[in-house]
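Just add 141 to wherever you are in the sequence shown, counting from 1, and you've got this note's numbering.
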Amino acid sequence: MNRQGWSYWAAPMPDPEESRTVGYVLDDIGWAQQHGYGWRYRDRAQQDGSADRNTAYHAALPEAEQEPYGLALTGGPNAPLLSARLPSGGTVRVRTGGCEAEAQERLFGDRAAWFAADKTATNLTPLYVPKLLADPRFTEPLAAWSQCMAAAGHPAEDPGEARSELRQRSRSLPADEASAAEVELAVAEARCADRTRLGRIGRELEDEYRNGLGERYSRVLAAYEKLQRTALERAAEIIRRHGDGTPQPR
Numbered sequence: 142m143n144r145q146g147w148s149y150w151a152a153p154m155p156d157p158e159e160s161r162t163v164g165y166v167l168d169d170i171g172w173a174q175q176h177g178y179g180w181r182y183r184d185r186a187q188q189d190g191s192a193d194r195n196t197a198y199h200a201a202l203p204e205a206e207q208e209p210y211g212l213a214l215t216g217g218p219n220a221p222l223l224s225a226r227l228p229s230g231g232t233v234r235v236r237t238g239g240c241e242a243e244a245q246e247r248l249f250g251d252r253a254a255w256f257a258a259d260k261t262a263t264n265l266t267p268l269y270v271p272k273l274l275a276d277p278r279f280t281e282p283l284a285a286w287s288q289c290m291a292a293a294g295h296p297a298e299d300p301g302e303a304r305s306e307l308r309q310r311s312r313s314l315p316a317d318e319a320s321a322a323e324v325e326l327a328v329a330e331a332r333c334a335d336r337t338r339l340g341r342i343g344r345e346l347e348d349e350y351r352n353g354l355g356e357r358y359s360r361v362l363a364a365y366e367k368l369q370r371t372a373l374e375r376a377a378e379i380i381r382r383h384g385d386g387t388p389q390p391r
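Here it is in structure tokens:
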């Protein structure tokens, strides 16, 4: 973007400790005591996103320059079309050109191969999650977890139900009370998950089911992981040679 006369700011990376994903069930008691479910960090990131510097920069450009900026960034409506079949059926398509496409090519090489691998590897859960959730090896500890939560004063059939109910209730609470309620529920969930081994059993079963998807998806996952590692190495080298991409003033 700088070469084409535009400014562009890379989004700051979130703190890994704060931004970690909780998953189906939270079973890290220490993290729950400190962060709850991490909702306040995600809420803050969304609020910061509404004031994204690139969005503000684009909006402040003269009207005649806004379309050229978009063409430089994404290639516009005539950019090359990438498509990939999803494992559960259907096709996902996206048009990407301009500097976004150039960046992807520098990081991943074959953009079409990366796009297909990414959309396959990140959309495998519909193939096995329904079976996992019905597996007695999972339903039994889930029932025990539910009983534990009820005894702790937080009746819920599963973690999603408990979190959803709290999210709804928190909207009418002051921020400090909502944060305290989040931590309380998260700690209860984690303690019950630890006692029933629900989180550990779920992860073990997920590995088992993913490994049972067959050779085709094993190859895709291996290719995806290789592309990610290679892209990370290339990104580190680009930053070492050229800096972090801080824009030059126009």
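In this text, a Cβ means the ideal position worked out from N, Cα and C, and glycines have one as well.
For T162, which residues of its own chain have a beta-carbon under 6 Å away from its beta-carbon, when the five flanking residues on both sides are left out? Answer for T162: no residue qualifies.
Contact check, M142 vs A213, beta carbons under 8 Å: Yes. Within cutoff.
Relative to the alpha-carbon of Q369, which residue among D348, C240, S320, R252 has its alpha-carbon at the smallest distance? R252
In whole angstroms, give me the CA-to-CA distance for W180 and S305. 12 Å
In angstroms, rounded to a whole number, what distance separates the CA positions of E347 and V270? 8 Å
What do you get for T337, buried or exposed, if any count of 16 or more other CB atoms within 10 angstroms of its CB means buried? buried
Are the beta-carbon atoms belonging to G343 and Y178 less than 8 Å from one another? Cβ distance not < 8 Å, so G343 and Y178 don't count as in contact.
Counting only runs of 4+ residues fully inside the segment 187-229, write out the alpha helix (DSSP H) ranges in chain order. Taken in chain order, the unbroken stretches of alpha helix (DSSP H) that lie wholly in the segment 187-229 and span 4 residues or more are 194-201, 204-215.
Among P203, D259, T237, which has the Cα closest to the Cα of L227? D259
Would you mind listing the alpha helix (DSSP H) stretches within the segment 142-187 that are 4+ residues and don't spill past its ends, in chain order? Here the runs fully enclosed are 157-160, 170-176.
Looking at the strands, I want to know which residues DSSP matches up with V233. A225
Is it buried or exposed for P390, if we count other Cβ within 10 angstroms and need 16 for buried? Note that P390 scores a pLDDT of 47, beneath 50, so its modelled location is shaky; the value from the coordinates is reported in the next line. By the 10 Å Cβ count, P390 comes out exposed.
Measure how close the beta-carbons of T215 and G250 come, nearest whole angstrom, since I'm counting them as under 8 Å. That pair is no contact at about 20 Å.
Same chain, Cβ closer than 7 Å to R375, five either side skipped, listed in chain order: R247, L248
Excluding the five sequence neighbours on either side, which residues of its own chain have a C-beta within less than 7 Å of the C-beta of P296, listed in chain order? M290
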